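The structure appears right after this line, and notes come after that.
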Amino acid sequence: MIPENVRSEVDNLRERIRHHNRLYYTEDRIEISDGEYDALMRRLIELESRWPGLASEDSPTLRVGSQPLPRFPSILWDPPMLSLDNVFSAEEFAEFDRRVRQELNLENDPVYSVEPKLDGLAVAIIYENGVLQRAGTRGDGSAGEDVTPNVRTLRSIPLKLTSTSPVDLVVRGEVIFRKNDFEKMNRERESNGQDTFVNPRNAASGSLRQLDSRITSSRPLSFIAYGTAHWPAGISSQSSLFNYLEGLGIPVNPHNIVCRGVDEVESAYHTLEQKRDEFSWEIDGVVIKLNEASLQAEMGTLSRFPRWAAAWKFRAEEAVTRLIDIEIQVGRTGKLTPVAKLEPVFVGGVTVSSATLHNEDELRRKDARPGDMVIVRRAGDVIPEVVRSMGNSEGERGKRFEFPRICPVCGGPVAREEDASAHRCMNPSCPARLRESLFHWGARDALDIEGLGSKLAEQLADRNMVKDVADLYSLTRLQLVSLDRMGEKSADNLLSELQRSLRTNLQKFVAGLGIPGVGRAVSGLLSERYADLNELMDAPVDEFLAIPGVGPVLADNLYRFFHEKITRDVVNRLLSAGFSPQGNSTGDGEKPLLGLTVVFTGGISLSRSDARIMAEKAGAKVTGSVSEKTDIVVAGPGAGEKLQKARKLGLEIISEDEFMRRIK
Numbered sequence: 001m002i003p004e005n006v007r008s009e010v011d012n013l014r015e016r017i018r019h020h021n022r023l024y025y026t027e028d029r030i031e032i033s034d035g036e037y038d039a040l041m042r043r044l045i046e047l048e049s050r051w052p053g054l055a056s057e058d059s060p061t062l063r064v065g066s067q068p069l070p071r072f073p074s075i076l077w078d079p080p081m082l083s084l085d086n087v088f089s090a091e092e093f094a095e096f097d098r099r100v101r102q103e104l105n106l107e108n109d110p111v112y113s114v115e116p117k118l119d120g121l122a123v124a125i126i127y128e129n130g131v132l133q134r135a136g137t138r139g140d141g142s143a144g145e146d147v148t149p150n151v152r153t154l155r156s157i158p159l160k161l162t163s164t165s166p167v168d169l170v171v172r173g174e175v176i177f178r179k180n181d182f183e184k185m186n187r188e189r190e191s192n193g194q195d196t197f198v199n200p201r202n203a204a205s206g207s208l209r210q211l212d213s214r215i216t217s218s219r220p221l222s223f224i225a226y227g228t229a230h231w232p233a234g235i236s237s238q239s240s241l242f243n244y245l246e247g248l249g250i251p252v253n254p255h256n257i258v259c260r261g262v263d264e265v266e267s268a269y270h271t272l273e274q275k276r277d278e279f280s281w282e283i284d285g286v287v288i289k290l291n292e293a294s295l296q297a298e299m300g301t302l303s304r305f306p307r308w309a310a311a312w313k314f315r316a317e318e319a320v321t322r323l324i325d326i327e328i329q330v331g332r333t334g335k336l337t338p339v340a341k342l343e344p345v346f347v348g349g350v351t352v353s354s355a356t357l358h359n360e361d362e363l364r365r366k367d368a369r370p371g372d373m374v375i376v377r378r379a380g381d382v383i384p385e386v387v388r389s390m391g392n393s394e395g396e397r398g399k400r401f402e403f404p405r406i407c408p409v410c411g412g413p414v415a416r417e418e419d420a421s422a423h424r425c426m427n428p429s430c431p432a433r434l435r436e437s438l439f440h441w442g443a444r445d446a447l448d449i450e451g452l453g454s455k456l457a458e459q460l461a462d463r464n465m466v467k468d469v470a471d472l473y474s475l476t477r478l479q480l481v482s483l484d485r486m487g488e489k490s491a492d493n494l495l496s497e498l499q500r501s502l503r504t505n506l507q508k509f510v511a512g513l514g515i516p517g518v519g520r521a522v523s524g525l526l527s528e529r530y531a532d533l534n535e536l537m538d539a540p541v542d543e544f545l546a547i548p549g550v551g552p553v554l555a556d557n558l559y560r561f562f563h564e565k566i567t568r569d570v571v572n573r574l575l576s577a578g579f580s581p582q583g584n585s586t587g588d589g590e591k592p593l594l595g596l597t598v599v600f601t602g603g604i605s606l607s608r609s610d611a612r613i614m615a616e617k618a619g620a621k622v623t624g625s626v627s628e629k630t631d632i633v634v635a636g637p638g639a640g641e642k643l644q645k646a647r648k649l650g651l652e653i654i655s656e657d658e659f660m661r662r663i664k
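First residue of the sequence shown: 1, per my numbering; consecutive thereafter.
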């Protein structure tokens, strides 16, 4: 028997969480902090776990995700989810309007719904009796991918409609990232040593099309509705449809404008273009629709486009300026990013004086050199970037920029990971990456030091209490208790953990050093090959190359790390602190993927070199392309053509988590 006070508290918690979801995703405002919201959710999870009889199909706790799918089922759309035809100027829209008036034989100017064009992934959501049943991507318009478990994790989408009577409805809209959510997510990924997403649209597409819905749940996606598959009873216009959807708790765009005639549409276009930087999400144009449902039906559709709507893209947010110099910035993970220093130029609503060139490959492809005139744009309306160089019309061009082999911050060696575009400083004591080095040193895949988390690592670095990872082993109890939220017991526990870590093995020690390309798999291979650290440090490049799975780039990174003075000094200081890591011989062990051919695609968390090594140790052959000879495709976020081909061939598709489970 569930006590009435418990049932009442659960109902109250659910309503409060729904209320705050509606505020954020529908009205773009907040009343409580993230911590307070999380506390409400934790309490609800606790009560539902203790009282299973309180389970409900529309509880906010169902948004945490579920077990990975082997692949996405198909879902059919009737009527199809069509694309939009484009107009590119006021003159072309005037011609569109002329055709509409002529075919409908209108005496007065038609009324249009002008809506901001969202840059995301189109989806449709099926509600039966007011409850979310299925959801899928647009796909080719007639059939898409059934991503129901993933859509259920989006807080902005109601699992149950707020209606007093049962409602059957197919809602169509766009899955997007809000600008602030996207930027916050990228900051967190950067601080965790993960690659950042280039733009919100691709990130939204990859995040929603995850075989593991728990990954989707961890990404702050939003949904904005723009229509329905069929007109609901009693709804006769686009504008009234938005009011109807909003009344059901479904988010719609608050910036839609109803216009009469060409002049008002053109004015609305320019108004939205000027205000685009103020919006919470990216827009790249406007969608113009006949407002009346009856007129839409009369105009009809073509095979690919509705004849009653058109998309009018905004002009590209680009400008031309001079590239003065190229500098290197070193991020918290040691990643080196080339940055163009520019003559200030106004673009996308702001004055830009620097722009990213992303990495060495992009720098070479764009062939940007100091003195060149370059085209600059605000990528995703957020991050300024150099699009391309226009050369230098005033004479000879400057020299190509040479990517440094020495870190500009600490003078340590710089290395590029195999199968990756990023360069990283290898010195774990580099001031630019010290906080990340300390956190990585204590991580589970490295020294596994309980209590050495990101917050503590940040405090130790910011207060100059440690200059490198070796200084951790000189910390005193008095120093530790002076830190925020560090009591005497916590300080004692951390000191005990640090002493325990001195007895670690070679695999964990090497993994903790943060050498580019050297994760748990490579460090495991080195531990099997070498008896101790001294033998590893003195190994020549050729010896590394002889280890299966270690290529030329990785072999060079290892050799340089253990022979460059700055990085070797760090290791020697750790040895002086009391480390004496020993290798081990584990033998061949079981080979669960023996004889199978594996392809990796999309944004998996493992580096490609680690993934390849782990698969090969399990007996698999790893290739870069999908064919009929492929046995398994390991798919991550943003997987594209390879994943599509694998589905057509009927191959087995698994997530990264499933791959790890199998090889273990």
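Heads up, the beta-carbon is just placed ideally off N, CA and C, and yes, glycines get one too.
Fair warning: this is a prediction, and the values are worked out from it, not measured in the lab.
- In the DSSP assignment, residue 473 falls outside any alpha helix (DSSP H), carrying neither H nor E.
- Residue 444 counts as exposed, since fewer than 16 other beta carbons sit within 10 angstroms of its beta carbon.
- Between residue 217 and the set 189, 152, 261 and 186, the nearest pair of CA atoms involves 152.
- Runs of the beta strand (DSSP E) spanning 3 or more residues and lying entirely within the stretch 581-623 occur at 597-601, in chain order.
- Under the 10 Å beta carbon count, residue 366 is surrounded by 16 or more other beta carbons and is classified as buried.
- A distance below 6 Å between beta-carbons, with the five flanking residues on each side excluded, links residue 523 to the following residues of its chain, in chain order: 507, 510 and 511.
- Rounded to the nearest whole angstrom, the C-alpha separation of residue 549 and residue 643 is 25 Å.
- In the structure shown, residue 144 falls within a strand segment according to DSSP collapsed to helix, strand and coil.
- Under the three-state reduction of DSSP output, residue 416 falls in the strand class.
- Around the CB of residue 148, 16 or more other CB atoms lie within 10 Å, so the residue is classed as buried.
- The DSSP-derived three-state label of residue 441 is helix.
- In this structure, the alpha-carbon of residue 81 lies about 14 Å from that of residue 225.
- Annotation note: the stretch 215-239 contains no uninterrupted alpha helix (DSSP H) run of length 4 or greater.
- Excluding the 5 residues flanking it on each side, residue 501 has same chain C-beta neighbours closer than 7 Å at 447 and 449, in chain order.
- Sixteen is the threshold: since fewer than 16 other Cβ atoms of the shown chains lie within 10 Å of the Cβ of residue 88, the residue is exposed.
- Between residue 282 and residue 200, the C-beta spacing is below 8 Å.
- Three or more beta-carbon pairs separated by less than 8 Å link the stretch 254-274 to the stretch 107-116, which places the two stretches in contact.
- Here residue 661 carries a helix assignment [DSSP, helix/strand/coil].
- Here DSSP, grouped into helix, strand and coil, assigns residue 200 to helix.
- Judged by beta-carbon spacing, residue 54 lies within the 8 Å limit of residue 48, meaning their Cβ atoms are closer than that value.
- By the CB criterion at 8 Å, residue 373 and residue 392 fall inside the cutoff.
- DSSP places residue 552 in the helix class (H, G or I) of the three-state scheme.
- Secondary structure note for residue 284: its beta strand (DSSP E) is the uninterrupted segment 283-290.
- Here residue 573 is actually not in contact with residue 415; their C-beta atoms are around 21 Å apart, not less than 8 Å.
- A contact between stretches requires three or more CB pairs, one per stretch, nearer than 8 Å, and the stretch 616-625 fails this requirement with the stretch 175-186.
- Under DSSP, residue 279 forms no beta bridge with any residue.
- With a cutoff of 8 Å on beta-carbon distance, residue 170 and residue 120 are scored as not near each other.
- Between residue 160 and residue 311, the C-beta gap is not smaller than 8 Å, which leaves the two residues out of contact.
- The Cβ atoms of residue 273 and residue 314 lie closer than 8 Å to each other.
- The way I'd put it, the stretch 453-464 doesn't touch the stretch 593-613; fewer than three beta-carbon pairs between them come closer than 8 Å.
- Runs of the alpha helix (DSSP H) spanning 4 or more residues and lying entirely within the stretch 286-348 occur at 293-299, in chain order.
- Looking at the DSSP output, residue 123 sits in a beta bridge with 137 and 173.
- In the structure shown, the three-state DSSP call for residue 642 is helix.
- When Cβ pairs closer than 8 Å are counted between the two stretches, the stretch 124-143 is seen not to touch the stretch 278-298, the count staying below three.
- Between the stretch 422-435 and the stretch 526-545, the count of Cβ pairs shorter than 8 Å is below three; the stretches do not touch.
- For residue 654, the enclosing beta strand (DSSP E) begins and ends at 652-654.
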